[in-house]
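*Asks:* Below you will find the structure I want to go over with you.
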DNA sequence: GCAAGGTC
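Laid out in structure tokens, this is it:
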């Protein structure tokens, strides 16, 4: 029997259908696999990593394990998906030949490698080979299977070292911070190669915003021919002085031009999440996209590719929408001729995210429809004509300027309505023409601090810095929320986040920098090329971390972090305090436990409490009820919002 | 109860 191992069920199915004519689907331990009786072949899909490295069980008790022991420890293999491993072993026992057909990348090589190691335990003499294809098309797959090669052990080792380095750093520093601050159980303080640099970005942006000194500036504005032209000044006097002196203005320059506005590029994971985050958190958007993929409505949502491969029949996909509520858009695209845009990143593994079937609004959940509509509109927009603008620039004496923009032809904007735009109409001017100043205004404005990251912009920044992968960035951000390091969107860091980042900066700064990932990438490359031994890389980490453990002042570290937590707690109380308790004079506080209610700060001495509605998002407003002197509360629900005083 | 990386 010939066993072919794929990375996931979907690819297993595809591979089986491409290679064999008589494919039957069977199930063992609830795991599907595909069999070709005539060829005596079985294709089994794994679920990504089915095993992972961990520390031996005796090191699991955080309190009782000196951190130095983690550095000396060996790694043990832990099974993550029992059913898949069981099925793999049962099938492998009977195999004469095993072919690894996992994704052709570093993690894919590692996944295949670990599967083979498991197989060899039950079937030591099995023949093993490896096929490499970068697209699941019949041509690519068949070609790969006619040229089987061997597993690339160095490539697999390079992924293995990443797993180990990440676990080592993550476990040692996570436990160090958590133990020092005495935050154990679900309240632990996490640290990691990707999450910590990401958190540092957010914290440092907040520091910039806090230290930002805004300056005033003054726009001298004149109205001529019904439009406003302006010039910027640093001082109000200068602006006023100039305005006082002008009664007529001569036109010194006038330009009218046609400007084409590029259409958006095809969706890869990052671009998709950036746009979808206007509606929901990235982890939510990702799981919704995953569902749509499983139901066959969109293509694989984890991709770096921003260029449609030639193998996709774009025209057929557009025509598919002629019988849908997107028909006007499909017609528009077909009428103007399909011309796909392309991004800078071109990879071979998966195409950009695009619709694969027509869905009806009624068959999808609300969130599914939002994501589906976004993907469809984006797809059609990438194929449609550019937008065309008429841009006018006019300049007057004394440096007054105005710019006008009018959308002449919407092109892709007709379809993709997710980015707002403004038009500003300007009449035509003639150079030399002298116009009467109809109105004069001085407007005071402020320079703005840098803006906070949103989940969307953060994902993009992470990608640019090489932090995380298309499949993990949304997870990392979710983790930061879950650990109470960040809140809101735009994202704000908590005091705990400040404490964690500053603590790490003081004794293990590398873990807060993207450079660590960059260096790890270089080391992995060297290992893959056979120029470096994985032991050397691991040793380096061990040496660094043992230095950290020796030097760090755990008392001080614990204090820093507890301070952060304490500050968060105080702010939380302050934010939720709504007034004075009518029974004891204590402070009334909105409590958000399993149920939410208004309680007294003197609890348990004072048992005063008020019920609150449990549904919708509750906001403490700054308005005060005139009758009771307590803050007005607001409930925000999907279909509206309402305000009330809890004492009324 | 640690990370980040696959996939569901």
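In my numbering, the protein residues as written are 1273 to 1920.
The C-beta atom is built at its ideal place from N, Cα and C for all residues, glycine as well.
Owing to the predicted nature of the structure, the values given are computational and were not obtained by experimental measurement.
In the structure shown, what three-state DSSP assignment does residue 1922 receive?
*Replies:* A question about residue 1922 goes unanswered here, because the residues of the chain that appear run from 1273 up to 1920.
*Asks:* DSSP on residue 1630, reduced to helix/strand/coil?
*Replies:* Three-state result, residue 1630: coil.
*Asks:* Ends of the alpha helix (DSSP H) at residue 1545?
*Replies:* Residue 1545 -> alpha helix (DSSP H) spans 1541-1548.
*Asks:* Have a look at residue 1368 and residue 1276 and give me their C-alpha separation to the nearest angstrom.
*Replies:* Distance between the alpha carbons of residue 1368 and residue 1276 is about 11 Å.
*Asks:* At a cut of 8 Å, does the stretch 1747-1761 reach the stretch 1780-1794 through at least three beta carbon pairs?
*Replies:* Because the criterion of three Cβ pairs below 8 Å is not met, the stretch 1747-1761 and the stretch 1780-1794 do not touch.
*Asks:* Who are the near neighbours of residue 1809 in its chain, counting only those whose CB is closer than 6 Å to its CB and skipping five residues on each side?
*Replies:* Cβ within range, chain order: 1433, 1795.
*Asks:* Is the stretch 1313-1322 close to the stretch 1344-1364, with three or more CB pairs under 8 Å?
*Replies:* With a cut-off of 8 Å, the stretch 1344-1364 and the stretch 1313-1322 count as touching, because enough Cβ pairs lie within range.
*Asks:* For residue 1355, which three-state DSSP category applies?
*Replies:* Helix.
*Asks:* Using DSSP with H/G/I as helix, E/B as strand and the rest coil, what is residue 1308?
*Replies:* Residue 1308 falls in the strand class under three-state DSSP.
*Asks:* Are the stretch 1722-1734 and the stretch 1536-1545 in contact at 8 Å, needing three or more beta carbon pairs?
*Replies:* Touching, yes.
*Asks:* Using CA atoms only, rank isn't needed, just tell me which of 1396, 1502, 1397, 1412 is closest to residue 1403.
*Replies:* It is 1412.
*Asks:* What separation, rounded to the nearest whole angstrom, lies between the Cα atoms of residue 1372 and residue 1391?
*Replies:* Straight-line Cα distance between these residues: approximately 11 Å.
*Asks:* In terms of DSSP beta bridges, what is residue 1668 paired with?
*Replies:* In DSSP, residue 1668 forms a bridge with 1523.
*Asks:* Is it the case that the Cβ atoms of residue 1338 and residue 1784 are separated by a distance below 7 Å?
*Replies:* No, Cβ-Cβ distance for residue 1338 and residue 1784 is not below 7 Å.
*Asks:* Sort out for me which residues DSSP pairs residue 1441 with in a bridge.
*Replies:* BP columns for residue 1441 are empty, so no partner.
*Asks:* Could you spell out the range, first to last residue, of the beta strand (DSSP E) harbouring residue 1861?
*Replies:* Its beta strand (DSSP E) spans residues 1859-1864.
*Asks:* Out of curiosity, what's the CA-to-CA distance linking residue 1520 and residue 1503?
*Replies:* Cα to Cα, the separation comes out at about 15 Å.
*Asks:* Ends of the alpha helix (DSSP H) at residue 1392?
*Replies:* Start and end: 1378-1394.
*Asks:* Confirm, please, whether the CB-CB distance from residue 1689 to residue 1406 is below 7 Å.
*Replies:* Contact flag unset, no.
*Asks:* Going by the DSSP bridge assignment, what does residue 1774 pair with across the sheet?
*Replies:* DSSP, once it has assigned bridges, lists no residue as partnering residue 1774.
*Asks:* Quick one: what's got a C-beta closer than 6 Å to residue 1280's C-beta in the same chain, skipping five residues either side?
*Replies:* Within the same chain, residue 1280 has close Cβ partners 1317.
*Asks:* Going by DSSP, which residues form a beta bridge with residue 1909?
*Replies:* DSSP, once it has assigned bridges, lists 1912 as partnering residue 1909.
*Asks:* Within 10 Å of its beta-carbon, does residue 1507 have 16 or more other beta-carbons around it, so buried, or fewer, so exposed?
*Replies:* Result: exposed.
*Asks:* Among residues of its own chain, excluding the 5 on either side of residue 1905, which ones have a beta-carbon nearer than 8 Å to its beta-carbon?
*Replies:* Contacts found: 1850, 1862, 1884, 1890, 1891, 1892, 1893, 1915, 1916, 1917, 1918.
*Asks:* Does DSSP put residue 1820 in a helix, a strand or coil?
*Replies:* Residue 1820: helix per DSSP, three-state reduction.
*Asks:* Have a look at 1565, 1426, 1728, 1650 and flag the residue whose alpha-carbon is nearest the alpha-carbon of residue 1578.
*Replies:* The residue with the shortest Cα to Cα distance from residue 1578 is 1650.
*Asks:* If you measure between the beta carbons of residue 1601 and residue 1687, is that distance less than 7 Å?
*Replies:* Yes, Cβ-Cβ distance for residue 1601 and residue 1687 is below 7 Å.
*Asks:* Got a sec? Which residues, its chain only, sit under 6 Å from residue 1664 by beta carbon, not counting five neighbours each side?
*Replies:* Excluding residues within five positions, the ones whose Cβ falls inside 6 Å are 1528, 1676, 1698.
*Asks:* Would the beta-carbon of residue 1881 fall within 7 Å of that of residue 1871?
*Replies:* Yes; because the gap between Cβ atoms is below 7 Å, this pair is in contact.
*Asks:* Of all the beta strand (DSSP E) runs that stay within the bounds of the stretch 1486-1523, which reach a length of 3 or more residues?
*Replies:* Listed in chain order, they are 1488-1496, 1499-1505.
*Asks:* Quick check on residue 1651: does DSSP put it in helix, strand or coil?
*Replies:* Residue 1651 falls in the helix class under three-state DSSP.
*Asks:* Assign residue 1555 to buried or exposed, taking buried as 16 or more other Cβ atoms, counted over all protein chains shown, within 10 Å of its Cβ.
*Replies:* Label assigned to residue 1555: buried.
*Asks:* Just to confirm before moving on: does the CB-CB distance between residue 1714 and residue 1487 stay below 7 Å?
*Replies:* No.
*Asks:* What does the Cβ neighbour count give for residue 1759, buried or exposed, with the cut at 16 atoms within 10 Å?
*Replies:* So residue 1759 ends up on the exposed side.
*Asks:* Can residue 1899 and residue 1710 be called in contact, C-beta distance under 7 Å?
*Replies:* Not a contact, by the Cβ cut-off of 7 Å.
*Asks:* What's the C-alpha gap between residue 1764 and residue 1695?
*Replies:* Computed Cα separation, rounded: 33 Å.
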